[in-house]
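>
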Amino acid sequence: MDDNPVMRAITWFAEHFIGLFNASAEQFLGLASGILPLLMVMLTAMYAITTWIGEERVNHAIRWAGKYAVTRYTIMPFLAMLLLTNPMAYTFGRFLPERYKPAFYDATVSICHPITSLFPHANAGEIFVWTGVSAGVTAIAPEKYALLAILYFLVGLVVIFIRGFATQWMTAILIRRGGHQETFQKYDEAYAAGQIQGGVA
């Protein structure tokens, strides 16, 4: 029976098929005793902080951050992802005029992974991206892990500003080329009158 290539192939497949699930179970146990409790505690802490500060104050801070391009594409996406996490963070776009929403979305979706280096709860479903980036440093020079996390996050802030500003510029070009200036003028007037999407005045 050992010489039968078909049986050897079936046996090899069965062993490795079960081995795949054994390895998955070991990985899950590692997560359950490591990152999962951290994520749950951080999520609870963020929700508690938001509750203590008050939703109205949080909304006011976000609206202030949306006034200027520098803060609109750095602080606003960061706070949105930190406080609401992915994918709820994008709802903060309702505080912006229509012409800035595409750029805000671009900046916010681009901070999804850099933010996990310091705040893994913000995008827990894709924490594997940061663990993959940091795996080599963790294995070779674990004392540099914190430095890598900070640099990864700071570079992310620079990138989201560039992407947000570039997308805002491209949106303005498309509005002009498409002849939609009057439509967006009406959106701007409605926004200035306090008609913010989502029913928040």
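If you count the sequence shown from 1, position 146 lands on 132 in this note's numbering, and the numbers rise without skipping.
The beta-carbon is built from N, C-alpha and C at its ideal position, and this holds for glycine as well.
For the candidate residues A55, V56, F81, whose alpha-carbon lies nearest to that of H46?
F81
> Take the Cβ of P(-9) as the centre, count every other Cβ of all protein chains shown within 10 Å, and call the residue buried at 16 or more, exposed below.
exposed
> Nearest by alpha-carbon distance to G142: which of M67, W38, A(-5) is it?
M67
> Would a C-beta distance cut-off of 7 angstroms place E84 and Y173 closer than the cut-off?
yes
> For a quick check, are the C-beta atoms of P63 and A93 less than 7 angstroms apart?
yes
> If contacts are defined as beta-carbon pairs under 8 angstroms, then L104 and A135 qualify, I think. What distance do you get, rounded to the angstrom?
6 angstroms
> Helix, strand or coil for A179 per DSSP?
coil
> State the CB to CB distance for the pair I101 and F139, rounded to an integer number of angstroms; the pair is presumed to be in contact (CB under 8 angstroms).
Confirmed, Cβ separation roughly 7 angstroms.
> In whole angstroms, give me the CA-to-CA distance for A31 and A121.
In a straight line, the C-alpha of A31 is about 27 angstroms away from that of A121.
> Considering Cα atoms alone, identify which of A179, E168, T153, Q171 is closest to A55.
Cα-wise, what sits closest to A55 is T153.
> Give me the residue from P23, T37, T77, P73 with the minimum Cα distance to I48.
T77
> Consult DSSP for L134 and reduce its assignment to one of helix, strand or coil.
helix
> On the criterion of 16 or more Cβ atoms from any shown chain inside 10 Å, does I39 qualify as buried, or is it exposed?
The residue in question, I39, is exposed, as its Cβ has fewer than 16 Cβ neighbours within 10 Å.
> So, at 6 angstroms on beta carbons, what are the nonlocal neighbours of H99 in its own chain, with the 5 sequence-adjacent residues on each side left out?
V115
> If I measure Cβ to Cβ from T60 and keep anything under 7 angstroms in the same chain, skipping five residues before and after, which residues do I get?
L143, I146, F147
> To the nearest angstrom, report how far apart Q181 and A110 are at their CA atoms.
34 angstroms
> Just verifying my parser: in three-state terms, what is the DSSP assignment at K172?
helix
> If you draw a straight line from the C-alpha of V53 to the C-alpha of R162, how long is it?
The displayed chain sequence assigns Lys, not Val, to residue 53. Taking the straight line from one Cα to the other gives about 22 angstroms.
> Taking the beta carbon of I97 as the centre, do at least 16 other beta carbons fall within 10 Å, making it buried, or is it exposed?
buried
> So, is M26 buried or exposed, given that buried needs 16 or more other C-beta atoms within 10 angstroms?
exposed
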